[in-house]
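Chains as they are written, first to last, in my numbering: chain P, 1 to 504; chain C, 505 to 628.
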């Protein structure tokens with residue numbers, strides 16, 4: 001909608017002392033209009049302006065110079081659609097005046113407004129002074145009062161439209177017409193001024209002016225080809241003149257905002273410059289930064305298993321954990337703990353907590369130190385043991401064979417076992433193999449202890465000597481002849497020793 | 505348009521309370537506004553609000569009326585631009601020229617202090 005003056009009226013009074021002055025618009029105002037009003041009194045008292053539908057109007061400028069009393073103009077944007085009566089109020093004063101104007105097709109007042117009070121000798125042309133629109137198109141709205149009131153007629157400025165009646169009004173008890181108003185729609189952001197001309201060189205005059213933005217104008221403009229395109233299409237519509245900076249890149253590039261707003265384009269894989277290489281957070285993997293963040297971003301790669309013993313004492317670093325759509329990621333079993341290193345670690349929460357929290361890794365078996373099962377209950381309350389966390393683990397392989405031979409002779413053989421056993425679980429317990437005698441020939445003769453053999457658990461290799469003798473090739477002395485080799489365990493060895501003693 | 509008298513309310517001592525309305529006939533279609541000329545005398549109160557005068561207009565020959573303008577006159581001596589004491593004061597109100605032949609105005613008052621006041625309404 002083109003910005004324009006929809007209606008306006010003026011009222012003024014003379015010598016009588018007045019305290020309130022009201023004037024109604026002849027027609028119902030249009031919703032969204034701006035109300036430009038001006039008021040003056042014959043003394044330099046403050047003036048207010050308001051209406052019953054929109055409340056107080058905003059004071060734009062005021063002047064008390066050159067004996068004009070007090071003169072002000074006001075604005076009210078976004079008026080209600082109503083039958084509006086504007087009231088100006090002040091302390092008792094004569095020569096009141098009130099001018100009211102409805103401006104339609106506007107998005108409100110621009111930043112520019114002015115009140116220019118000029119005295120005698122200011123010339124035959126009176127001006128508001130330059131105002132510079134911030135946007136265009138727009139409307140400059142101006143009113144002119146000849147406070148001297150001697151009836152010097154004035155004409156509107158070049159290109160301006162005079163208000164009705166063009167002959168002007170009698171202002172505040174003047175003897176002749178002495179008030180005029182004008183307006184002009186502009187299509188450039190170049191500075192402009194409202195002017196009135198006439199036999200005014202001996203008069204005190206006041207010019208009020210304000211700029212109003214046309215509805216639908218996008219702030220600030222850039223030259224672009226779209227302006228030329230619209231010129232070609234619109235022809236005479238000067239709003240799209242190429243040289244008036246009427247259109248902006250913002251307009252050309254904009255898209256509707258709201259429910260109908262199209263989705264943002266998917267970003268290309270960005271050749272990120274390696275600025276993050278300087279980021280020294282040890283918890284941040286380069287792979288976390290390898291792609292743009294998108295709604296359907298793939299799950300974040302599972303971090304390498306933490307060397308828990310390296311992080312002891314680390315601060316919780318929330319920033320270092322990647323944030324993305326919650327995608328459950330199974331946590332691989334961690335490397336076995338080095339229990340001797342970790343048993344003093346602080347509990348350290350390293351994974352996001354929430355519905356999608358990955359299963360906690362299975363903890364290693366407890367460190368069954370003597371104090372764990374003989375003394376007070378452990379401090380660990382087992383709160384982290386949940387059904388979902390229980391994973392059946394493969395049985396550990398059998399440990400190195402115990403040296404039964406040596407340990408059996410110890411009084412407190414179990415002392416050697418106190419340092420260990422944490423990995424002894426039911427699944428890990430394997431019954432000892434039955435003793436195997438490799439050589440069954442156990443005829444009378446001696447038993448010579450041999451070396452410990454690794455071939456099997458609990459076994460010892462030895463040779464059995466009998467009653468057969470052979471002559472030594474070197475000395476000719478008769479010596480025992482080996483009858484064979486047997487494999488015995490410790491128990492059998494003891495039995496054999498006992499038997500040998502009995503025999504010998 | 506030439507000034508033309510439409511309503512005459514002769515000066516009179518007015519008591520506190522409502523007064524009027526006093527209506528015009530159909531106004532000239534070429535009017536650009538109206539003028540109310542007030543007349544007081546030496547008994548005019550010295551201070552405070554004295555009287556509120558209201559003008560209503562009709563576009564249908566008086567079938568319906570709507571508020572148009574008002575003025576509250578206060579106590580105190582009336583002086584012209586040159587500072588001379590006077591007993592007349594004008595009040596001019598513009599009207600859009602609708603070309604209507606059924607437009608009318610009427611005047612009423614709410615007297616706040618007893619006073620002597622007369623009013624003449626003219627079309628412009």
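Glycine included, C-beta positions come from ideal geometry on N, C-alpha and C.
1) Roughly how many angstroms lie between the CA atoms of residue 585/C and residue 15/P, to the nearest whole one?
2) Whole angstroms are fine: how far does the CA of residue 71/P sit from the CA of residue 64/P?
3) Taking just the CA atoms, how far does residue 138/P sit from residue 225/P?
4) At the 7 Å Cβ level, is residue 153/P part of the contact set with chain C, yes or no?
5) With distances taken Cα to Cα, identify the nearest neighbour of residue 52/P among 73/P, 81/P and 46/P.
6) What residues from the region 1-25 of chain P come within 7 Å of chain C, judged by C-beta to C-beta, listed N to C?
7) In terms of alpha-carbon separation, which member of 542/C, 552/C, 539/C and 556/C lies closest to residue 522/C?
8) Applying the criterion that 16 or more other CB atoms from any shown protein chain within 10 Å of the CB defines a buried residue, is residue 510/C buried or exposed?
9) At 7 Å on the CB atoms, spell out the chain C contacts of residue 92/P, in chain order.
10) Less than 7 Å between the beta carbons of residue 97/P and residue 163/P, yes or no?
11) Just reading off the beta strand (DSSP E) that residue 154/P is part of, what are its end residues?
12) Could you pull the start and end residues of the beta strand (DSSP E) that residue 551/C belongs to?
13) Could you tell me whether the Cβ of residue 548/C comes closer than 7 Å to any Cβ of chain P?
14) State buried or exposed for residue 501/P, treating a residue as buried only when at least 16 other CB atoms are found within 10 Å of its CB.
15) Got a sec? Which residues, its chain only, sit under 7 Å from residue 50/P by beta carbon, not counting five neighbours each side?
16) Tell whether a beta-carbon distance below 7 Å holds between residue 194/P and residue 209/P.
17) I need the DSSP call for residue 501/P, collapsed to helix, strand or coil.
18) Among residues of its own chain, excluding the 5 on either side of residue 579/C, which ones have a beta-carbon nearer than 6 Å to its beta-carbon?
19) Starting from the Cα of residue 570/C, find the closest Cα among 626/C, 534/C and 525/C and give me that residue.
20) Give a yes or no on whether the minimum CB-CB distance between residue 170/P and chain C is below 7 Å.
21) Does residue 583/C come within less than 7 Å of chain P when only Cβ atoms are used?
22) Residues in the same chain with beta-carbon distance under 8 Å from residue 75/P, minus the five sequence neighbours each way, listed in chain order, please.
23) Write down the C-beta distance between residue 541/C and residue 559/C rounded to the nearest angstrom, noting that I regard them as a contact closer than 8 Å.
24) I'd like to know if residue 133/P contacts chain C, where contact means its C-beta is closer than 7 Å to some C-beta of that chain.
25) Quick check on the burial criterion: 16 or more other C-beta atoms within 10 angstroms. Buried or exposed for residue 602/C?
26) Less than 6 Å between C-beta atoms, sequence neighbours within five positions excluded: which residues of the same chain meet that for residue 314/P?
27) Using the rule of at least 16 other Cβ atoms within 10 Å of the residue's Cβ for burial, across every protein chain shown, is residue 213/P buried or exposed?
28) Figure out for me which residue from 28/P, 148/P, 157/P and 85/P has the closest Cα to the Cα of residue 128/P.
29) In three-state DSSP terms, what is residue 494/P?
30) I need the boundaries of the beta strand (DSSP E) containing residue 126/P, first residue and last residue.
31) Using three-state DSSP, classify residue 194/P as helix, strand or coil.
32) Quick one: grab the DSSP three-state call for residue 46/P.
33) Quick one: does residue 627/C have its CB under 7 Å from some CB of chain P?
34) Give the single residue among 576/C, 547/C and 506/C whose Cα lies nearest to the Cα of residue 615/C.
35) Run down chain P in chain order and give the residues with a C-beta less than 7 Å from the C-beta of residue 572/C.
36) Hey, how far is the Cα of residue 134/P from the Cα of residue 141/P?
The answer reads as follows:
1) As a working note, residue 585/C is residue 81 in the second chain. As a working note, residue 15/P is residue 15 in the first chain. Spanning the two alpha carbons is a distance of roughly 7 Å.
2) Reading the first chain from its first residue, position 64 is the one you call residue 64/P. Reading the first chain from its first residue, position 71 is the one you call residue 71/P. So the alpha carbons of these two residues sit roughly 6 Å apart.
3) If you number the first chain from 1, residue 225/P lands on position 225. If you number the first chain from 1, residue 138/P lands on position 138. Because residue 225/P sits at a pLDDT of 46, beneath the cut-off of 50, its placement in the model cannot be relied upon, and the point is left open.
4) As a working mapping, residue 153/P is identified with position 153 in the first chain. Taking Cβ atoms only, chain C never reaches closer than 7 Å to residue 153/P, which makes this a no.
5) Within the first chain, the letter at position 52 stands for residue 52/P. If we check each option's Cα against that of residue 52/P, 81/P comes out closest.
6) 7, 9, 10, 11, 12, 13, 14, 15, 16, 17, 18, 19, 20, 21, 22, 23 and 24
7) Indexing the second chain from 1 puts residue 522/C at position 18. It is 556/C whose Cα lies nearest to the Cα of residue 522/C.
8) If you number the second chain from 1, residue 510/C lands on position 6. Residue 510/C comes out buried.
9) Along the first chain, one-based indexing puts residue 92/P at 92. Those within 7 Å of residue 92/P in chain C are 578 and 580.
10) Within the first chain, residue 97/P is the residue found at index 97, counting from 1. Within the first chain, residue 163/P is the residue found at index 163, counting from 1. No, the pair does not count as a contact, with Cβ atoms beyond the cut-off.
11) On the first chain, residue 154/P is found 154 positions in, with the first residue counted as 1. 154-156 is the extent of the beta strand (DSSP E) around residue 154/P.
12) For the purposes of this step, residue 551/C is taken as residue 47 along the second chain, with counting starting at 1. That residue, residue 551/C, is in no beta strand (DSSP E); it is neither H nor E in DSSP.
13) Residue mapping note: residue 548/C aligns to position 44 of the second chain, counting from 1. No, because no Cβ of chain P sits closer than 7 Å to the Cβ of residue 548/C.
14) As a first step, residue 501/P must be located in the first chain, where it is residue number 501. Flag for residue 501/P reads exposed.
15) What you label residue 50/P is simply residue 50 of the first chain in a count that begins at 1. Closer than 7 Å at the Cβ level, and outside the excluded window around residue 50/P, lie 56, 57 and 87.
16) Residue mapping note: residue 194/P aligns to position 194 of the first chain, counting from 1. Residue mapping note: residue 209/P aligns to position 209 of the first chain, counting from 1. Yes, the pair counts as a contact, with Cβ atoms nearer than the cut-off.
17) Stepping through the first chain from its first residue, residue 501/P is reached at position 501. The answer is helix: DSSP assigns residue 501/P an H, G or I state.
18) Here residue 579/C corresponds to residue number 75 of the second chain, with the count starting at 1. Excluding residues within five positions, the ones whose Cβ falls inside 6 Å are 549, 550, 551, 552 and 554.
19) The count along the second chain starts at 1 and reaches residue 570/C at position 66. Minimum Cα distance to residue 570/C is reached at 525/C.
20) Taking the first chain and counting its residues from 1, one reaches residue 170/P at position 170. Yes, its Cβ sits closer than 7 Å to a Cβ of chain C.
21) Position 79 of the second chain holds residue 583/C. So yes, residue 583/C belongs to the interface.
22) Within the first chain, residue 75/P is the residue found at index 75, counting from 1. Counting only Cβ-Cβ distances below 8 Å, and skipping sequence neighbours, we find 34, 35, 36, 37, 57, 58, 60, 109, 113 and 210.
23) Working through the second chain from its first residue, we reach residue 541/C at position 37. Working through the second chain from its first residue, we reach residue 559/C at position 55. Not really, about 13 Å apart at Cβ, beyond 8 Å.
24) Taking the first residue of the first chain as position 1, residue 133/P is located at position 133. With 7 Å as the cut-off, residue 133/P does not count as an interface residue toward chain C.
25) Along the second chain, one-based indexing puts residue 602/C at 98. By the 10 Å Cβ count, residue 602/C comes out exposed.
26) In the first chain, residue 314/P corresponds to position 314, counting from 1. Unreliable positioning characterises residue 314/P in this predicted model, as indicated by a pLDDT of 47, which lies under 50. A coordinate reading is not provided.
27) The residue labelled residue 213/P in the question sits at position 213 within the first chain. It is buried - the Cβ of residue 213/P has at least 16 other Cβ atoms within 10 Å.
28) What you label residue 128/P is simply residue 128 of the first chain in a count that begins at 1. Nearest of 28/P, 148/P, 157/P and 85/P to residue 128/P, Cα basis: 157/P.
29) Translated into the one-based positions of the first chain, residue 494/P becomes position 494. DSSP places residue 494/P in helix when its eight states are reduced to three.
30) Looking up residue 126/P in the first chain gives position 126. Run containing residue 126/P: 125-127, per the beta strand (DSSP E) assignment.
31) Reading the first chain from its first residue, position 194 is the one you call residue 194/P. It is coil, neither helix nor strand.
32) Residue mapping note: residue 46/P aligns to position 46 of the first chain, counting from 1. Three-state result, residue 46/P: coil.
33) Here residue 627/C is taken as the residue at index 123 of the second chain, counted from 1. No, because no Cβ of chain P sits closer than 7 Å to the Cβ of residue 627/C.
34) Position 111 of the second chain, counted from the start, is the residue given in the question as residue 615/C. For residue 615/C, the nearest C-alpha among the options comes from 576/C.
35) Indexing the second chain from 1 puts residue 572/C at position 68. Here the neighbours are 24.
36) Sequence index remark: in the first chain, residue 134/P carries index 134 (1-based). Sequence index remark: in the first chain, residue 141/P carries index 141 (1-based). Rounded to the nearest angstrom, the two C-alpha atoms are 15 Å apart.
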